[in-house]
Amino acid sequence: MNPQPVLANKLSSFKRSIDHLPRPKRFTFPYYYTPHPLAVTAMSELQHYLATQKEWKHDFSDQGKMFAVLVVETQQGELGYLSSFSGSSVRSKLPDESDIPNFFVDPIYDPGVDTNSQAQWIEKKNTLDTHILSLTDNPVFIERKARYTSMKAHAETEITDGQTALVLNKAKRKERRKEAELRLGNDLDEQQLKAIIHELGRQSSKEKQELKLIKNKWNQLLDELIPLIQDTETEIKNLQQKRQQVIARIADEKHKSCRFLNREGELKSTYDLFNLGRSNQKNEANDQKAPIAGSSEENLPKLLQTAFQYGLTPLALGEFWWGASPYHQIRQHKNLYPVCQSKCFEILEHMLEGIETDESPLKQTPSLNKELEIIYEDDVLVVVNKPAEFLSVSGKYISDSVHARMQVRYPNATGPLVVHRLDMSTSGLIIFALTSEANKHVQQQFINRSVVKRYTALLEGLLNQGSGTIALPLRGDIEDRPRQMVCHRSGRNAQTDYQVIETIGHRTKVDLYPKTGRTHQLRVHCAHSSGLNTPIVGDDLYGFKDKRLYLHAGYLKLRHPVSHDLIEFTAPSDF
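Position 437, counted from 1, in the sequence shown is what full-length UniProt numbering calls 437; the numbers after and before it change by one each time, with no gaps.
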């Protein structure tokens, strides 16, 4: 292999023989795939390097990274592969990463390199920053604000004291008047009583007038100071608004300078791909999706960029995690992962234009030949035992679902039918209500958490405790849907009880009792390091792929919506 000199450090030759491996007919569908044998070989070689290398000092046991390989064909028909890791790979900008090996592909956009246009806007921002700082740090402005704050505090204290005294004195005057009225005819005559009442009224008027004078005094003092402060604050606010506009322009210039190449040599920037110019226009409905930070630092865009720059043909992709998992997300060491669709979809629509990819497994219908087992049926309720890999309700690409089949089976049912759902990969019991009234009744039981649910799962490992409770708050990972993440700051409360049933070799069978119903709750609670730290077998999101997800909803107890009797349903797992 004789690659171009600039590419020589980036393109790796296979160290093992690949003569027996067929070439891919189509490029890897990036969002859900089983890697081609060539990609498996390339990943194995990169993993061997990572396990034995000494030049890169990064501590993967503390902070892991997502790596990827792109199998490519040169213009001479020879095979090799490019390597990448997600995130910034600008060596000069990472003090602890200055020893990054040279064979990893370069970034598409270098945040340390400013274009002329960016530099001009950055200079404007710096000028505004200096001006704003000169105003906020001005000693006169600071002294005026401090004086205003002090005066306002004194004013509030004096006015409050005056109002309190007014209330107390009013009560005393009322008491004196009552005493005087009781003395009328004894040691007080009418004339003397009138004199006392008149004096009490005069005191009241005097105190009110004194309080009014106090308020006027402070209002006058504060009113003299307020304009002096407001003028400066208004100027600062106007400058800050201009600064935000300049920052937006800098971001636009950066998006314009981050340009992606496709096979035809066509360049499109982030600005173009996400139609940012249109979404920034005034009076325009701003429903355009904005790029997620770090989109250009994902592996596949960087790998394709290098391949197209040097005339290489992409053949197959493989992506894996190496090292410790982040706390909030769940990543398994050496496990394979798809490309992050949330970050890369618009970019890859352009970069992969004209390249035939494998059929999307997400559009295939795995439930076509599967039958639904009816566990229970009456006039208002139906309980179904759903097989694994069967949608509860129809999706974007797949119309076949338990709900769709229930609509056909019960054409006269009223209401939405669906009461709750199971993940597509989870098997087990689902309840459907045949009337609107029954639906509301049963759904309210789920909302009130009075329905008893038991799941059975097979875990990829052994547990130290026989039972316990997991409490980890969860929220959606907006950067990597549909994955969920642990978030103690903004996550929703999620709790699961567990009980070990038996150990089977190096695996553990458990019963899981969710006390809340968060998306992927059981899967995350099992896999997370602060949970059971043992993923469910076959969990392709939080663990490792297998024949199926070994999670089964096997028990439900609730009240019948008509008779209100407690009813129980059981469907044993098949594992």
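A virtual CB, placed ideally from N, CA and C, is assigned to each residue, including glycine.
Since this is a predicted model, take the numbers as computed values, not measurements.
Short Cβ contact (7 Å threshold) for residue i with residue j
i: Leu458; j: Phe575; result: yes
i: Gly491; j: Arg475; result: yes
i: Ser401; j: Val393; result: yes
i: Lys302; j: Ser84; result: yes
i: Arg26; j: Asp423; result: no
i: Gly354; j: Glu460; result: no
i: Leu549; j: Asp539; result: yes
i: Leu315; j: Glu55; result: no
i: Asn439; j: Gly466; result: no
i: His350; j: Leu273; result: yes
i: Leu362; j: Tyr32; result: yes
i: Tyr310; j: Leu7; result: yes
i: Ile159; j: Lys212; result: no
i: Thr570; j: Tyr555; result: yes
i: Asn141; j: Thr232; result: First, the amino acid is wrong: residue 141 is Phe here, not Asn. Yes, these two residues count as a Cβ contact at 7 Å.
i: Ile374; j: Ala527; result: no
Cβ shell of residue i (< 6 Å), same chain only, five flanking positions each side left out
i: Leu558; result: Gln445, Val451
i: Gly87; result: Glu297
i: Ile470; result: Thr496, His525, Gly531
i: His560; result: Ile567
i: Met406; result: Leu417, Phe432
Beta-bridge pairing of residue i - partner residues as DSSP gives them
i: Trp322; result: Lys65
i: Ser83; result: Val69, Phe104
i: Asp497; result: Thr469, Tyr513
i: Val418; result: Phe432
i: Arg492; result: Leu474
i: Asn385; result: Glu373, Leu429
i: Lys453; result: Leu556
i: Arg314; result: The identity of residue 314 in the sequence shown is Pro, whereas the question assumes Arg. In the DSSP output, where bridge partners are listed per residue, Pro314 has Val72.
i: Arg259; result: Ser269
i: Thr570; result: Tyr555
i: Val486; result: Leu474
i: Thr357; result: Phe27
i: Thr149; result: DSSP, once it has assigned bridges, lists no residue as partnering Thr149.
i: Leu184; result: Leu188
i: Thr503; result: Thr508
i: Leu459; result: Thr508, Ile536
Alpha-carbon spacing of residue i relative to residue j, whole angstroms
i: Phe410; j: Leu434; result: With the sequence shown as reference, residue 410 is identified as Tyr, and Phe is not the correct amino acid for it. Whole-angstrom Cα-Cα distance: 8 Å.
i: Leu128; j: Asn238; result: 10 Å
i: Trp218; j: Ala155; result: 6 Å
i: His20; j: Leu46; result: 20 Å
i: His36; j: Leu70; result: 11 Å
i: His488; j: Arg173; result: 59 Å
i: Pro139; j: Thr157; result: 27 Å
i: Gln305; j: Asn116; result: 23 Å
i: Trp121; j: Gln244; result: 11 Å
i: Arg449; j: Asn412; result: 29 Å
i: Pro514; j: Thr426; result: 14 Å
i: Arg249; j: Val380; result: 60 Å
i: Leu372; j: Ser342; result: 33 Å
i: Met151; j: Val246; result: 37 Å
i: Thr28; j: Asp252; result: 32 Å
i: Thr519; j: Lys125; result: 43 Å
i: Pro366; j: Ile431; result: 22 Å
i: Glu224; j: Ser134; result: 23 Å
i: Asp378; j: Ser563; result: 12 Å
i: Leu551; j: Tyr376; result: 21 Å
i: Arg259; j: Val408; result: 50 Å
i: Arg176; j: Asp161; result: 22 Å
beta-carbon residue i near the ligand COA non-hydrogen atom, thresh 6 Å
i: His552; result: Ligands in the displayed structure: none, and consequently the ligand COA is not present.
Below-7 Å beta-carbon distance, residue i vs any chain B residue
i: Lys396; result: As a matter of chain content, chain B is missing from the structure shown, which is built from one protein chain.
Close-in-space but distant-in-sequence residues of the same chain around residue i (CB under 8 Å, 5 per side omitted)
i: Phe60; result: Leu50, Trp322, Gly323, Ala324
i: residue 577; result: Not covered by the structure: residue 577. The range shown for the chain is 1 to 575.
Own chain partners of residue i with C-beta closer than 7 Å, once the 5 adjacent residues on each side are dropped
i: Leu300; result: Pro30, Ala68, Leu317, Val339, Cys344, Leu348
i: Phe104; result: Ser83, Ser84, Phe85, Ser89
i: Lys15; result: Glu45
i: Thr503; result: Leu462
i: Arg99; result: Checking the sequence, you will find Asp at residue 99 rather than Arg. These residues qualify, in order along the chain: Glu55, Trp56, Lys57.
i: Lys370; result: Pro387, Phe390
i: Glu346; result: Leu273, Phe274
i: His131; result: Leu239
Contact belief for residue i with residue j at Cβ below 8 Å, rounded distance in angstroms
i: Tyr148; j: Ile229; result: 6 Å
i: Tyr455; j: Ala553; result: 5 Å
i: Gln521; j: Val510; result: About 14 Å; that fails the 8 Å criterion.
i: Asn385; j: Leu429; result: 6 Å
i: Lys205; j: Lys170; result: Correcting the residue identity first, residue 205 is Ser in this sequence and not Lys. Incorrect: roughly 12 Å between the Cβ atoms, too far for contact.
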